[in-house]
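Each remark here refers to the structure printed beneath this line.
In the UniProt record's numbering, the protein residues as written are 1 to 165.
Structure follows, in structure tokens:
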């Protein structure tokens, strides 16, 4: 069952989302702080899409973000209790991720028994760090040189959001 906000439909991934998802995951701007390099072919994105579709078989915890009939990003809980998101750069700085996560977070707490949700970001990614903080996530710790993409090491800052009482 999709989640619907004022501007967005948050739903399970479908095969027909491949073109829109490839536009996101092949964009070097969107992938700047991602833990893998930009996708070099739709076949690479298809592997991600296959996982998203399989993931949607049970409880829906990871969503594509649809706006005006186009998939513009993904967001949700992708492993254990860790949340993440990515958005096509054409939609940055419009409050899209805050709106999406504002609907997804209560949904995740409602369908799981997790005491907290966690997140990881590259500390240079001020936008993602700011979004997480605005959603109530608190920084728990930092680590240096956590992953290397194309010869460039990245650090990580870790966050947690406690289940509301």
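Cβ atoms here follow ideal geometry from the backbone N, Cα and C, with glycine treated the same way.
Could you tell me how far apart the beta carbons of residue i and residue j are, in whole angstroms, since I believe they sit closer than 8 Å?
i	j	result
residue 76	residue 104	6 Å
residue 143	residue 88	The pair is not a contact, with the Cβ atoms about 28 Å apart (cut-off 8 Å).
residue 132	residue 121	6 Å
residue 3	residue 66	Contact flag wrong, Cβ pair sits at about 11 Å.
residue 52	residue 13	4 Å
From this set, the options, which residue's C-alpha is nearest residue i's C-alpha?
i	options	result
residue 102	90, 155, 17, 83	83
residue 81	117, 56, 58	117
residue 156	147, 19, 162, 13	147
residue 106	149, 163, 67, 71	163
Measure the alpha-carbon distance for residue i versus residue j and round it to whole angstroms.
i	j	result
residue 151	residue 42	24 Å
residue 161	residue 5	21 Å
residue 21	residue 165	36 Å
residue 35	residue 26	13 Å
residue 92	residue 134	16 Å
Does the beta-carbon of residue i have 16 or more other beta-carbons within 10 angstroms, so that it is buried, or is it exposed?
i	result
residue 111	exposed
residue 45	buried
residue 90	exposed
residue 113	exposed
residue 16	exposed
residue 154	buried
residue 95	exposed
residue 128	buried
residue 140	exposed
Give me, in chain order, the residues of the same chain whose beta-carbon lies closer than 6 Å to that of residue i; leave out the 5 immediate sequence neighbours on both sides.
i	result
residue 78	62, 84
Once you ignore the five residues that flank residue i on each side, which residues in its own chain have a CB closer than 8 Å to its CB?
i	result
residue 32	125
residue 28	38
residue 1	60
Kindly say whether residue i, judged by its beta-carbon, lies nearer than 9 Å to any beta-carbon of chain B.
i	result
residue 100	No chain B is part of this structure, which consists of one protein chain only.
Ordered along the chain, which non-local residues of its own chain (more than five positions away) have a Cβ less than 7 Å from that of residue i?
i	result
residue 11	2, 63, 64, 66
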